[in-house]
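Protein chains in written order, with full-length UniProt numbering: chain A, 1 to 210; chain B, 1 to 562.
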Amino acid sequence: MSFSLNEIEATAKRAARGAGYPWGLAEEAAKATRWLAAHDLDACAELAGLLTRIDRVSLADLSPDTNGATWVASGGMLCPLAAGAALSDRAAELSDAGFRLQQVARPALLMPFAALIAQQIGRPVTLRWEGGGAVTDGAALDLSGTAPELAPLVEVTPGGEIGSATPIRSRAQPAPEAWATLNRLAHRTYAPATEESRLKGAGAGLSDND
Amino acid sequence: MDTAPNRQIQRRDPATVMRLSRLGSLHQCRLSFMRILTRRMARENWSFSRPVFGIDAAGVGHAVYTAQGPDRAYSLVAFAHDLPPEMRSDRVIATAWDATFTLFDGIPTEDDIARLSQNVPLQEAGRVSESEISVSRANRSVRLWAHVVDALASGQQPDRAEIDKVGYLMRTTAVYGSGKLGAADREQIADRPEMQVPFQAEMLSVYLTRVFVRDLVQHMARAKGGEGAVDLDPALARRMGIGNSTGLGMAPYIVNHPVLFNNWVMAREEAIARVRSVATASPDAAAQFRQMLRRSEVSLGQWRSEHPIQQAKLADLRRDMEVLSRHVAGDDQLNDHPWDRLMRWAEGALSEEGQELVASLILEPYPDLVDGLASCMADGNPGAFRIDGAMPISELRALIAASYAWAFDLNWTAPENCARAWYVSEEKLEPRLGERFDEPIAEYEQPLAPARDAAAAHAALASWEGSRPVAEFLLAHPEHRHTVRRAQMSRLAPYGEIHDNTISASVLPIDMLRAKLAFFGAIHFDPRSDRWVRICMYAGAPYPEELSPETADDWVYPEVPA
Numbered sequence: 001m002s003f004s005l006n007e008i009e010a011t012a013k014r015a016a017r018g019a020g021y022p023w024g025l026a027e028e029a030a031k032a033t034r035w036l037a038a039h040d041l042d043a044c045a046e047l048a049g050l051l052t053r054i055d056r057v058s059l060a061d062l063s064p065d066t067n068g069a070t071w072v073a074s075g076g077m078l079c080p081l082a083a084g085a086a087l088s089d090r091a092a093e094l095s096d097a098g099f100r101l102q103q104v105a106r107p108a109l110l111m112p113f114a115a116l117i118a119q120q121i122g123r124p125v126t127l128r129w130e131g132g133g134a135v136t137d138g139a140a141l142d143l144s145g146t147a148p149e150l151a152p153l154v155e156v157t158p159g160g161e162i163g164s165a166t167p168i169r170s171r172a173q174p175a176p177e178a179w180a181t182l183n184r185l186a187h188r189t190y191a192p193a194t195e196e197s198r199l200k201g202a203g204a205g206l207s208d209n210d
Numbered sequence: 001m002d003t004a005p006n007r008q009i010q011r012r013d014p015a016t017v018m019r020l021s022r023l024g025s026l027h028q029c030r031l032s033f034m035r036i037l038t039r040r041m042a043r044e045n046w047s048f049s050r051p052v053f054g055i056d057a058a059g060v061g062h063a064v065y066t067a068q069g070p071d072r073a074y075s076l077v078a079f080a081h082d083l084p085p086e087m088r089s090d091r092v093i094a095t096a097w098d099a100t101f102t103l104f105d106g107i108p109t110e111d112d113i114a115r116l117s118q119n120v121p122l123q124e125a126g127r128v129s130e131s132e133i134s135v136s137r138a139n140r141s142v143r144l145w146a147h148v149v150d151a152l153a154s155g156q157q158p159d160r161a162e163i164d165k166v167g168y169l170m171r172t173t174a175v176y177g178s179g180k181l182g183a184a185d186r187e188q189i190a191d192r193p194e195m196q197v198p199f200q201a202e203m204l205s206v207y208l209t210r211v212f213v214r215d216l217v218q219h220m221a222r223a224k225g226g227e228g229a230v231d232l233d234p235a236l237a238r239r240m241g242i243g244n245s246t247g248l249g250m251a252p253y254i255v256n257h258p259v260l261f262n263n264w265v266m267a268r269e270e271a272i273a274r275v276r277s278v279a280t281a282s283p284d285a286a287a288q289f290r291q292m293l294r295r296s297e298v299s300l301g302q303w304r305s306e307h308p309i310q311q312a313k314l315a316d317l318r319r320d321m322e323v324l325s326r327h328v329a330g331d332d333q334l335n336d337h338p339w340d341r342l343m344r345w346a347e348g349a350l351s352e353e354g355q356e357l358v359a360s361l362i363l364e365p366y367p368d369l370v371d372g373l374a375s376c377m378a379d380g381n382p383g384a385f386r387i388d389g390a391m392p393i394s395e396l397r398a399l400i401a402a403s404y405a406w407a408f409d410l411n412w413t414a415p416e417n418c419a420r421a422w423y424v425s426e427e428k429l430e431p432r433l434g435e436r437f438d439e440p441i442a443e444y445e446q447p448l449a450p451a452r453d454a455a456a457a458h459a460a461l462a463s464w465e466g467s468r469p470v471a472e473f474l475l476a477h478p479e480h481r482h483t484v485r486r487a488q489m490s491r492l493a494p495y496g497e498i499h500d501n502t503i504s505a506s507v508l509p510i511d512m513l514r515a516k517l518a519f520f521g522a523i524h525f526d527p528r529s530d531r532w533v534r535i536c537m538y539a540g541a542p543y544p545e546e547l548s549p550e551t552a553d554d555w556v557y558p559e560v561p562a
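Okay, structure coming up:
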């Protein structure tokens, strides 16, 4: 089925919230998913894969310790949303040496954050992992190889050239399983319907016959 | 033209403008989305047609109304239904309606209509495509509909007093746009000149819906009365707008789109500041203001509400109107910054309803100063989402304080300060507001209490050195990320934050609904509860065959009876 990118974004935000992310990171997850979908990637599958893997794990265990030469998570596996947001927040610190991230789940989800960095530094940003990588100038994306479910090491460096950019899409066709996973997680954010809530919560009666 | 040198009056302080009671007292103005649309359609000489009207004697079928602009056409595809009374509800949780609509991007083929007929009547349970821009539905005002059909069927015109009592034959109960239910995203149409201003597609859809409703009521009268039936007197038809029944869903919208909402408020505040800066008004401008004041008195006379809150505000506004009329009669509004003087006088003499009415009315004589600001009302800045992690924490603190210093000392654990929680029900995802301490809803709370969250972030920041970058704070405190984003957005959106507590025991969500609806151009706000409001749109507006540069703008103010 064809979905609007606003539907993708809204569902991604609720799903990330349902999986336990604070609202601010859920917003980043939503924008990131939309960005990937607009760049012709299977965005919902990436987010669904991540959320299934980290569901109910403490965010502190998935977040980077940025003090060393290589960013690592205390729990062993880095969340690409927490790491991506931290990268974008440190765009001004990106030197030619780059950032190195260890054990990144779903590194494809770092690409939208690389775009945010590129927009801030006015130069393209390159991501590299074993078997592939990506370059973005903030708008276009050049993807080479494939993005794994888990990358042992991701290097983030300034520079790079866009060779063949991915097509830009205004709609998305998520795989039904991934879409169902996101909706199942999103459902956790909806309050169960009670008769009291039905009658009082919206502030209107049920009949409109006047 | 005014030629005297102008003293520049500043825009009003967000701390004044963004209080809920004032937002809940806003009135339509030259920058309302409906008036922007009708002005454009008249200026560009849009043409209108009704290529299909396939409705049977029982009132069931479909019709198509096409609006042709300079570059593109848009078509309202309307489906009319025979709705049993027990199914008529204006709630999101309704499943059937008297009429359902979609705004099609272009002119639909028969295949398009066949596809839409399987989906649009289902509303949320159906799917549309990127060829559709909005999806909406409407129910009849049962009493007025029956009266008008019966009168016309028997060869009589309906009673004007009955029409004025309700104001419309149908009221919409939701107008979905921007990608909802599979429709085209806002981004897909935002670059088109006629769609650059917010909500122009939705306003066009409602404009065409009003034409359909007039045609449908005449059709039903003919079906009932046969050759003895008559059409509506055009003057009576013009009095009727389209109603709208709006619930809580709009309140989160203005909190969730701080840059967009800022742009609406800032455009109006800039317009007010420009007009206040006029040193000397021309006699024509002064006369035009006085005329619009008299006409808005007529409109006020037609404004009814059964809700005690609005009744009290209307009583204040009627008193304001008397005081204002006397004051205006004693001043020529020509010299010494007449509009600034009037605004200053109003601050001391009128209620907030009256003050905001004055603020809207002084814009009327100055299209050249005001109307161009319409192009600043869209949110064309997606980069505002990006957090500047290099910002020093001292600067972040100052930004939070600018919007929310008043919230720092509030006891946020006191029940009266956090009595409510906004949530989404699993029942058709209806937005609702509940009692935090009485209902099991807190864990489902939506982030719609920015003041509470700002106070919490500010407290967490207290122990951080001011020179450290925001990035460090956010890594340690990801739970404050959404608040930091909002605070940074406020640099370019000073009117993006509500300066009041949106979860207090005394919050009135209707204030938030009214603010949004006033920018649409709605009038005659009639709250049905503290979180639900009925309004009227396009009452007095010219129908397509009457639309011209002369009729396109002032229609919102009824003519003063001779």
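Each residue gets a CB set at the ideal place from its N, CA and C atoms; glycine is no exception. All values derive from a computational prediction rather than experimental measurement.
Query - Environment of A191 of chain A [buried if 16+ CB atoms lie within 10 Å] - result: Taking the first sequence and counting its residues from 1, one reaches residue 191 of chain A at position 191. So A191 of chain A ends up on the buried side.
Query - C-beta neighbour in chain B for D89 of chain A, strict 8 Å - result: Translated into positions along the first sequence, residue 89 of chain A becomes position 89. Interface residue, yes.
Query raised in the report: Would you report the Cα separation of M1 of chain B and S282 of chain B, rounded to the nearest angstrom?
Result: As a position in the second sequence, residue 1 of chain B is number 1, starting the count at 1. As a position in the second sequence, residue 282 of chain B is number 282, starting the count at 1. Note that M1 of chain B scores a pLDDT of 46, beneath 50, so its modelled location is shaky; the value from the coordinates is reported in the next line. Rounded to the nearest whole angstrom, the C-alpha separation of M1 of chain B and S282 of chain B is 7 Å.
Report task. Can you tell me which of the three DSSP states Q218 of chain B falls into? Result -> Stepping through the second sequence from its first residue, residue 218 of chain B is reached at position 218. In the displayed model, Q218 of chain B falls within a helix according to three-state DSSP.
Query raised in the report: Taking the Cβ atom as the reference point for each residue, do L109 of chain A and A32 of chain A lie within a distance shorter than 8 Å?
Result: On the first sequence, residue 109 of chain A is found 109 positions in, with the first residue counted as 1. On the first sequence, residue 32 of chain A is found 32 positions in, with the first residue counted as 1. It is a contact, given that the beta carbons lie within the stated cut-off.
Query raised in the report: With which residues is E132 of chain B paired in a DSSP beta bridge?
Result: The residue you call residue 132 of chain B lines up with position 132 of the second sequence. E132 of chain B is bridged to B:F104.
Query - Span separating the alpha-carbon of I113 of chain B from that of A99 of chain B - result: Stepping through the second sequence from its first residue, residue 113 of chain B is reached at position 113. Stepping through the second sequence from its first residue, residue 99 of chain B is reached at position 99. Spanning the two alpha carbons is a distance of roughly 15 Å.
Query raised in the report: Do A454 of chain B and residue 599 of chain B come within 8 Å of each other at the CB atom, strictly closer than that value?
Result: Nothing can be reported for residue 599 of chain B: it is not among the residues displayed for chain B, which extend from 1 to 562.
Query raised in the report: How about A11 of chain A: is its C-beta nearer than 8 Å to some C-beta of chain B?
Result: Your numbering for residue 11 of chain A matches position 11 in the first sequence. Residue identity check: residue 11 of chain A is Thr in the sequence provided, not Ala. Judged by the 8 Å Cβ criterion, T11 of chain A is not in contact with chain B.
**Report entry** Cα-Cα separation between T3 of chain B and H27 of chain B, rounded to whole angstroms
**Finding:** Locating residue 3 of chain B in the second sequence gives position 3, counting from the first residue. Locating residue 27 of chain B in the second sequence gives position 27, counting from the first residue. Reliability of the predicted coordinates at T3 of chain B is poor, the pLDDT of 48 falling under 50, and the value obtained from them is presented with this limitation in mind. Across the structure, T3 of chain B and H27 of chain B are spaced so that their CA atoms are roughly 29 Å apart.
Query raised in the report: Using 8 Å as the limit for Cβ to Cβ distance, is F99 of chain A near chain B?
Result: The residue you call residue 99 of chain A lines up with position 99 of the first sequence. At a cut-off of 8 Å between beta-carbon atoms, F99 of chain A makes no contact with chain B.
Query raised in the report: At a Cβ threshold of 8 Å, is F385 of chain B touching chain A?
Result: Walking along the second sequence from the start, residue 385 of chain B turns up at place 385. Yes - at least one Cβ of chain A is within 8 Å of the one on F385 of chain B.
Query raised in the report: Per DSSP, what kind of secondary structure is D438 of chain B in: helix, strand or coil?
Result: Indexing the second sequence from 1 puts residue 438 of chain B at position 438. D438 of chain B falls in the coil class under three-state DSSP.
**Report entry** Proximity of G241 of chain B and A539 of chain B at Cβ, strictly below 8 Å
**Finding:** Locating residue 241 of chain B in the second sequence gives position 241, counting from the first residue. Locating residue 539 of chain B in the second sequence gives position 539, counting from the first residue. Their beta carbons are under 8 Å apart, which means G241 of chain B touches A539 of chain B by this criterion.
Query - Rounded C-alpha distance that separates E202 of chain B from L410 of chain B - result: One-based indexing of the second sequence puts residue 202 of chain B at position 202. One-based indexing of the second sequence puts residue 410 of chain B at position 410. Looking at the two C-alpha atoms, the distance is approximately 39 Å.
**Report entry** Residues from the region 108-130 of chain A in contact with chain B, defined by Cβ distance under 8 Å
**Finding:** Residues passing the 8 Å Cβ filter: L116, Q119 and Q120.
Report task. Could you please tell me which residues of the region 22-35 of chain A, in chain order, have their CB closer than 8 Å to any CB of chain B? Result -> Within the region 22-35 of chain A, the qualifying residues are P22, W23, G24, L25, E27, E28 and K31.
Report task. Within 10 angstroms of the Cβ of H187 of chain A, are there 16 or more other Cβ atoms? Answer buried if so, exposed if not. Result -> The residue given as residue 187 of chain A occupies position 187 in the first sequence. Exposed is the call here.
Report task. Indicate whether at least one CB of chain A lies closer than 8 Å to the CB of I441 of chain B. Result -> Looking up residue 441 of chain B in the second sequence gives position 441. So yes, I441 of chain B belongs to the interface.
Query - Completely contained alpha helix (DSSP H) runs for the region 33-63 of chain A, where each covers 4 or more residues - result: Taking 4 residues as the shortest admissible run, the region 33-63 of chain A contains the following complete alpha helix (DSSP H) segments, listed from N- to C-terminal end: 43-54 and 59-62.
Report task. Check whether the Cβ atoms of A86 of chain A and L50 of chain A sit closer than 8 Å, and answer yes or no. Result -> In the first sequence, residue 86 of chain A corresponds to position 86, counting from 1. In the first sequence, residue 50 of chain A corresponds to position 50, counting from 1. Against a cut-off of 8 Å, the Cβ pair of L50 of chain A and A86 of chain A comes out as no contact.
**Report entry** Buried or exposed (CB count within 10 angstroms, at least 16 for buried), P124 of chain A
**Finding:** Counted from its first residue, the first sequence places residue 124 of chain A at position 124. Around the beta-carbon of P124 of chain A, 16 or more other beta-carbon atoms lie within 10 Å, marking it buried.
Report task. Spell out whether any CB of chain B is found under 8 Å from the CB atom of H39 of chain A. Result -> What you label residue 39 of chain A is simply residue 39 of the first sequence in a count that begins at 1. Closer than 8 Å: no.
Report task. Answer yes or no: does any C-beta atom of chain A fall closer than 8 Å to that of V424 of chain B? Result -> Against the second sequence, residue 424 of chain B aligns to sequence position 424. With its beta carbon less than 8 Å from one in chain A, V424 of chain B belongs to the interface.
Query raised in the report: chain A partners of Q28 of chain B, CB-CB under 7 Å?
Result: Against the second sequence, residue 28 of chain B aligns to sequence position 28. Near Q28 of chain B there are no residues of chain A at all, since even the closest Cβ is about 23 Å away, more than 7 Å.
Query raised in the report: Is the CB of S305 of chain B under 8 Å away from at least one CB in chain A?
Result: In the second sequence, residue 305 of chain B corresponds to position 305, counting from 1. Between S305 of chain B and chain A, the shortest Cβ-Cβ separation is not below 8 Å.
Query raised in the report: Pairing CB atoms from the region 517-537 of chain B with CB atoms from the region 296-315 of chain B, are three or more of them under 8 Å?
Result: Three or more beta-carbon pairs separated by less than 8 Å link the region 517-537 of chain B to the region 296-315 of chain B, which places the two stretches in contact.
**Report entry** Beta carbon of F408 of chain B nearer than 8 Å to that of F199 of chain B
**Finding:** The residue you call residue 408 of chain B lines up with position 408 of the second sequence. The residue you call residue 199 of chain B lines up with position 199 of the second sequence. Contact flag unset, no.
Query raised in the report: Do L127 of chain A and A82 of chain A have their CB atoms nearer than 8 Å?
Result: If you number the first sequence from 1, residue 127 of chain A lands on position 127. If you number the first sequence from 1, residue 82 of chain A lands on position 82. Not closer than 8 Å, so no.
Query raised in the report: Can you name the residues of chain A whose CB is closer than 7 Å to the CB of S129 of chain B?
Result: For the purposes of this step, residue 129 of chain B is taken as the residue at position 129 of the second sequence. Neighbours of S129 of chain B on chain A, chain order: S2.
Requested in this report: Report yes if the CB atom of T71 of chain A is closer than 8 Å to the CB atom of R100 of chain A, and no otherwise.
Outcome: For the purposes of this step, residue 71 of chain A is taken as the residue at position 71 of the first sequence. For the purposes of this step, residue 100 of chain A is taken as the residue at position 100 of the first sequence. The question names Thr, yet the displayed sequence has Trp at residue 71 of chain A. In this structure, W71 of chain A places its C-beta atom within 8 Å of the C-beta atom of R100 of chain A.
Query raised in the report: Using the beta-carbon count (16 or more within 10 Å), is T146 of chain A buried or exposed?
Result: Indexing the first sequence from 1 puts residue 146 of chain A at position 146. With fewer than 16 Cβ atoms within 10 Å of its Cβ, T146 of chain A is classed as exposed.
Query raised in the report: Using the rule of at least 16 other Cβ atoms within 10 Å of the residue's Cβ for burial, across every protein chain shown, is M1 of chain A buried or exposed?
Result: For the purposes of this step, residue 1 of chain A is identified with residue 1 of the first sequence, where counting begins at 1. The residue is exposed, with fewer than 16 neighbouring Cβ atoms inside 10 Å.
Report task. Tell me, please, which residues DSSP counts as bridged to N139 of chain B. Result -> Here residue 139 of chain B is taken as the residue at index 139 of the second sequence, counted from 1. Paired residues: B:R171.
Query raised in the report: Which residue comes first and which comes last in the alpha helix (DSSP H) that contains G354 of chain B?
Result: Reading the second sequence from its first residue, position 354 is the one you call residue 354 of chain B. Boundaries of the alpha helix (DSSP H) harbouring G354 of chain B: E352 to L361, taken from the DSSP string.
Query raised in the report: Going by other Cβ atoms of all chains shown within 10 Å of its Cβ, with 16 needed for buried, is T109 of chain B buried or exposed?
Result: Looking up residue 109 of chain B in the second sequence gives position 109. In this structure T109 of chain B is exposed. Its beta-carbon is surrounded by fewer than 16 other beta-carbon atoms within 10 angstroms.
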